[in-house]
């Protein structure tokens, strides 16, 4: 493992609990009787990915001494917007 990847892993470990809370918000907000919506929720949570946007937002909240639980909602919204743009590019841009 390179020094940069071990540093990244260590940094992400600091926010692992917060990221799990974001996953809970994503799962809760995407409850729907429409099968595709559930598929998208599972994709966002299971596929994981880097989730760079929420991973940057959460430490910034900490730096600003924001401990409000709404930070998890905001992190989820950022991930929703990112995912929506990816889906739009794939579907519309083909």
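Residue numbers (our numbering): 53 to 146. Cβ atoms here follow ideal geometry from the backbone N, Cα and C, with glycine treated the same way. All figures in this text were calculated on a predicted structure; none of them were measured in a lab.
### Message
If I measure Cβ to Cβ from residue 70 and keep anything under 6 Å in the same chain, skipping five residues before and after, which residues do I get?
### Response
Hits under 6 Å: 110.
### Query
Got a sec, what are the start and stop residues for the alpha helix (DSSP H) residue 126 sits in?
122 to 144
### Query
Do the segment 93 to 100 and the segment 77 to 85 meet, that is, are 3 or more Cβ pairs less than 8 Å apart?
yes
### Query
Which first and last residues belong to the alpha helix (DSSP H) in which residue 88 is found?
87 to 99
### residue 78, enclosing alpha helix (DSSP H) - first and last residue
Start and end: 68 to 81.
### Query
Out of 68, 141, 86, which has the shortest C-alpha to C-alpha gap to residue 102?
Closest by alpha carbon: 68.
### Query
Nearest to residue 64 by CA position, among 123, 98, 107, 76, is which residue?
107
### Message
Is the beta carbon of residue 123 closer than 9 Å to that of residue 113?
### Response
yes
### Query
What did DSSP end up calling residue 113 once you bin it into helix, strand or coil?
Helix.
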